[in-house]
Amino acid sequence: MDGRVVPVILDVDTGIDDALALALAVASPHVELVAVTTLAGNVDVERTTANTLAVLDWLGATDVPIHRGASRPLVRSHQDAAFVHGTDGLGNAGLPSRARALGADRGPAAMVRLANQRPGELTLVCVGPLTNLAIALNVEPRLPELVAGLVVMGGAFSVPGNVTPAAEFNIYVDPEAAAQVFAAPFKRLTAVGLDVTQRVVLSRAIWQATAHAEQGAAALVSRICRRSFVERDLDGVQLHDPLALAVASDPTLVGCRESHVSVAATGEERGRTREVGSGSATVAATVDAERFMRLFTAALALPDA
Ligand code: RIB
Ligand code: CA
């Protein structure tokens with residue numbers, strides 16, 4: 000990784016792995032976290048926004064503006080993933096809530112404003128449903144020309160989905176938004192789907208090693224992942240969103256195919272992402288999982304397992 004610093008707008012539905020992506024963005028010397036936009040996804044937008052505030056303040060990143068976004072998908076009613084992330088969306092960890100002011104403009108408007116203020120510089124990293132970005136594209140059709148690139152955590156291309164056999168959660172929740180995003184003429188669109196994100200996992204051993212951490216990212220990991228390992232007895236927490244964030248600053252972490260991506264919106268196929276011929280999107284097919292895990296644990300200063 001060269002010394003580049005990539006300015007990023009991170010679009011989140013904070014959630015456990017979104018929180019870990021925020022921690023990586025704050026800690027990484029290769030990321031400038033310009034702003035965070037929130038929306039309904041893992042839990043409702045009030046909670047995803049409150050969670051984002053709590054996580055950034057926990058990490059001391061009190062200067063990063065947060066812009067609340069979409070409260071529901073474009074067309075459908077909202078379907079959450081509280082059974083995965085807890086009713087509060089952060090593993091019911093009970094982080095101290097903070098009430099600092101949110102950014103004046105809403106998520107999609109902030110994306111458009113910042114892209115116009117820094118044309119050609121910003122990378123959008125979307126790790127929740129694509130509702131905010133679809134609205135932003137509707138308001139500013141030039142957005143694909145105004146940003147340096149787009150990384151989407153979403154889709155399942157050569158593996159089964161995690162909501163239905165066809166669909167990954169972020170695409171399933173708002174397939175109409177996803178279809179609009181993948182049809183837009185982004186110069187560099189990288190789809191980081193379950194094909195690669197399921198292969199980067201925070202192990203029980205790494206989590207157990209954070210047990211005595213009292214502050215910072217290690218204590219955050221300890222608290223928000225407890226429910227996953229204790230109540231749900233999982234073997235590991237999949238690092239979907241941190242990998243997508245890391246790809247924005249180091250694309251060499253994944254091996255990609257050039258494709259055009261189509262998104263199904265109805266019936267049993269709802270949310271299926273397909274590679275249909277050649278196109279401008281790059282779909283991540285392989286990942287250097289060991290190098291990512293070294294990068295992730297080092298950036299968050301997690302104790303050795
Ligand atoms: O399918 C995984 C994705 O859905 C992650 O972004 C997770 O946070 C949820 O939003
Ligand atoms: Ca997410």
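Residue numbers (numbering that gives the first Met the number 0): 0 to 304.
Where is the CB? At the ideal position from N, CA and C, for every residue including glycine.
Go through the region 229-257 residue by residue and report every complete run of the beta strand (DSSP E) that reaches 3 residues or more, in order.
-> 235-237
How big is the Cα-Cα spacing for residue 114 and residue 24?
-> To locate residue 114, count along the sequence shown from 1; it is residue 115. To locate residue 24, count along the sequence shown from 1; it is residue 25. Computed Cα separation, rounded: 19 Å.
From which residue to which residue does the alpha helix (DSSP H) around residue 174 run?
-> Numbered from 1 along the sequence shown, position 175 holds the residue referred to as residue 174. Looking at the DSSP string, the run of the alpha helix (DSSP H) that includes residue 174 is 174-182.
Classify residue 269 as helix, strand or coil using the three-state DSSP reduction.
-> As a working mapping, residue 269 is identified with position 270 in the sequence shown. Reduced to three states, the DSSP call for residue 269 is coil.
Do residue 288 and residue 203 have their C-beta atoms within less than 7 Å of each other?
-> Start at 1 with the first residue of the sequence shown, and residue 288 comes out as number 289. Start at 1 with the first residue of the sequence shown, and residue 203 comes out as number 204. Going by C-beta atoms, residue 288 is not nearer than 7 Å to residue 203.
What are the uninterrupted segments assigned as alpha helix (DSSP H) that are 4 or more residues long and contained completely in the region 88-153, given in chain order?
-> 106-116, 130-138 and 142-145
By DSSP, does residue 62 sit in helix, in strand, or in coil?
-> Residue 62 sits at position 63 when you count from the first residue of the sequence shown. Note: residue 62 maps to coil in three-state DSSP.
Collect the residues with a C-beta less than 7 Å away from any heavy atom of ligand 2 and give them in sequence order along the chain.
-> 11, 12, 14, 16, 17, 40, 41, 126, 127, 152, 169, 239 and 240
Drop a sphere of 10 angstroms on the beta-carbon of residue 103, count the other beta-carbons inside from all chains shown, and report buried for 16 or more, exposed for fewer.
-> As a first step, residue 103 must be located in the sequence shown, where it is residue number 104. Counting Cβ neighbours within 10 Å, residue 103 comes out exposed, since fewer than 16 surround it.
Comparing the CB of residue 161 with every heavy atom of ligand 1, is any distance shorter than 6 Å?
-> Mapped onto the sequence shown, residue 161 falls at position 162. Result yes, Cβ under 6 Å from ligand 1.
Do you know how far the Cα of residue 262 is from the Cα of residue 165?
-> As a position in the sequence shown, residue 165 is number 166, starting the count at 1. As a position in the sequence shown, residue 262 is number 263, starting the count at 1. Taking the straight line joining both Cα atoms gives about 11 Å.
Secondary structure of residue 10, DSSP reduced to three states = The residue you call residue 10 lines up with position 11 of the sequence shown. Strand at residue 10.
Compute every distance between the C-beta of residue 268 and the non-hydrogen atoms of ligand 1, then say whether any falls below 6 Å.
-> What you label residue 268 is simply residue 269 of the sequence shown in a count that begins at 1. Every heavy atom of ligand 1 is 6 Å or more from the Cβ of residue 268, so no.
Between which two residues does the alpha helix (DSSP H) containing residue 30 stretch?
-> Sequence index remark: in the sequence shown, residue 30 carries index 31 (1-based). Note, residue 30: premise wrong, no alpha helix (DSSP H); beta strand (DSSP E) at 30-37.
The alpha helix (DSSP H) enclosing residue 305, as first and last residue numbers | One cannot answer for residue 305 here, as it falls past the ends of the chain, which runs 0 to 304.
Mark residue 137 as exposed unless 16 or more other C-beta atoms lie within 10 angstroms of its C-beta, in which case mark it buried.
-> Sequence index remark: in the sequence shown, residue 137 carries index 138 (1-based). Exposed, since its Cβ has fewer than 16 Cβ neighbours within 10 Å.
Anticipated Cβ contact below 8 Å, residue 152 with residue 240, distance rounded = By one-based count along the sequence shown, residue 152 stands at place 153. By one-based count along the sequence shown, residue 240 stands at place 241. That pair is a contact at about 5 Å.
Just how far apart, CA to CA, sit residue 53 and residue 279?
-> On the sequence shown, residue 53 is found 54 positions in, with the first residue counted as 1. On the sequence shown, residue 279 is found 280 positions in, with the first residue counted as 1. About 37 Å.
First and last residue of the uninterrupted alpha helix (DSSP H) at residue 51 = Numbered from its first residue, the sequence shown carries residue 51 at position 52. Residues 44-57.
If residue 308 and residue 299 are in contact, beta carbons under 8 Å, what's the gap, nearest whole angstrom?
-> Here the chain has residues from 0 to 304 only, and residue 308 is not among them.
Taking Cβ to Cβ, would you say residue 126 is nearer than 7 Å to residue 49?
-> In the sequence shown, residue 126 corresponds to position 127, counting from 1. In the sequence shown, residue 49 corresponds to position 50, counting from 1. No, Cβ-Cβ distance for residue 126 and residue 49 is not below 7 Å.
Rounded separation between residue 0 and residue 135 - CA only | Mapped onto the sequence shown, residue 0 falls at position 1. Mapped onto the sequence shown, residue 135 falls at position 136. Legend: pLDDT at residue 0 = 49, less than 50; position of this residue unreliable, value from coordinates given subsequently. Going from the Cα of residue 0 to the Cα of residue 135 covers about 31 Å.
Label residue 143 either buried or exposed according to how many other C-beta atoms from any shown protein chain fall within 10 Å of its C-beta, with 16 as the threshold for buried.
-> For this step, residue 143 is matched to residue 144 along the sequence shown. It counts as buried.
Does DSSP put residue 284 in a helix, a strand or coil?
-> Taking the sequence shown and counting its residues from 1, one reaches residue 284 at position 285. The answer is strand: DSSP assigns residue 284 an E or B state.
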